[in-house]
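Chemist:
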Amino acid sequence: MKILHILRSEPDEVVKNLIKASSEGNEAQQFELYKEDVDYDTLFELVFEHDKVVCWW
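Read left to right, the sequence shown gives residues 1069 to 1125 (my numbering).
1. List the endpoints of the continuous alpha helix (DSSP H) containing glutamate 1113.
2. Taking the DSSP output, what are the residues bridged to tryptophan 1124?
3. Output the distance between the C-alpha atoms of glutamate 1104 and arginine 1076, rounded to the nearest integer angstrom.
4. Could you give the first and the last residue of the continuous beta strand (DSSP E) run that contains glutamate 1100?
5. Any C-beta of chain C sitting closer than 8 angstroms to the C-beta of glutamate 1092?
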């Protein structure tokens, strides 16, 4: 399964561990909204390329 993790803020250790655990055995990618110059066109494409999308605040 392809999982996309969308991060609104920089993850702390707890979130990093949760992402790692939930991604185990799957193909996972992270998209960081908290960085400058976010490419929303790429995000739009990634959402439809993945089977599951998880948003982290």
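Every residue, glycine too, gets a C-beta built ideally from N, C-alpha and C. Because the structure is a prediction, the values reported are computed rather than measured.
Modeler: Taking the geometry as given:
1. 1108-1117
2. Paired residue(s): Leu1075.
3. Just so you know, the alpha carbons of glutamate 1104 and arginine 1076 end up roughly 12 angstroms apart.
4. 1095-1100
5. Although the question refers to chain C, the structure presented lacks it and comprises just one protein chain.
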